[in-house]
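Structure first, commentary second.
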Amino acid sequence: MIIAYRGLGLLGIGIPCITSLIAQLILDSIFGEDYYSNHPVVHSFVLVIAAAIIWIVGIRLNSDPNQLSIPTQTGQQPEVRKKHMIFWMPLQYFSIVIVALSIYYVLELSI
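Numbering (numbering that gives the first Met the number 0), first residue to last: 0 to 110.
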């Protein structure tokens, strides 16, 4: 599987993995072993939380302009933005994909 990313775009995959791992460790320690594995709706809720984190991080990373110090012929400095993308979309929009996956996961369980 090829993962196409640019800048810090890998956070789009890393954040859901890390939040799922942390949720599993916390919930299993509080409610007993295999609680996280036996309650799949919790998976979807954790993915929605991860999507919110991705949205916030993506907005913050992609709205920060980096200025070049090379003057152009007009005397103005060109604005260069370092883009953080995953699968050819800005990082913040990948959170919509994560929410769609969590909805699909819940609907798959209800059938």
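In this text, a Cβ means the ideal position worked out from N, Cα and C, and glycines have one as well.
This one's a predicted model, so the numbers in the text were calculated from it and none came from an experiment.
Do you know offhand how far residue i's Cα is from residue j's?
i             : j                : result
isoleucine 52 : alanine 99       : 15 Å
aspartate 27  : isoleucine 85    : 31 Å
isoleucine 29 : alanine 22       : 11 Å
alanine 49    : proline 15       : 5 Å
glutamine 66  : leucine 60       : Per-residue confidence for glutamine 66 stands at a pLDDT of 47, beneath the threshold of 50, marking its modelled position as unreliable; the derived number appears in the next sentence. Each residue's alpha carbon lies about 14 Å from the other.
valine 56     : lysine 81        : 14 Å
glycine 6     : isoleucine 58    : 14 Å
tyrosine 92   : isoleucine 17    : 19 Å
asparagine 37 : isoleucine 97    : 21 Å
glycine 31    : phenylalanine 44 : 19 Å
With which residues is residue i paired in a DSSP beta bridge?
i          : result
tyrosine 4 : Ile85
Let me check understanding here. Comparing Cα to Cα, which of the options lies closest to residue i?
i             : options                      : result
glycine 11    : Leu106, Pro89, Asp27         : Pro89
serine 101    : His83, Ser19, Gly57, Ile2    : Ser19
isoleucine 95 : Leu106, Lys81, Leu108, Leu46 : Leu46
Answer yes or no: do residue i and residue j have a C-beta to C-beta separation smaller than 8 Å?
i             : j            : result
histidine 42  : tyrosine 103 : no
histidine 83  : glycine 8    : yes
proline 39    : leucine 106  : no
tryptophan 87 : alanine 3    : yes
Say the cut is 7 Å; is the CB of residue i nearer than that to a heavy atom of the ligand FAD?
i         : result
valine 47 : As presented, the structure is devoid of all ligands, the ligand FAD included, so that no description of it is given.
**Study point:** Length-filtered (4 minimum) alpha helix (DSSP H) runs lying within the stretch 23-48
**Key:** 34-37
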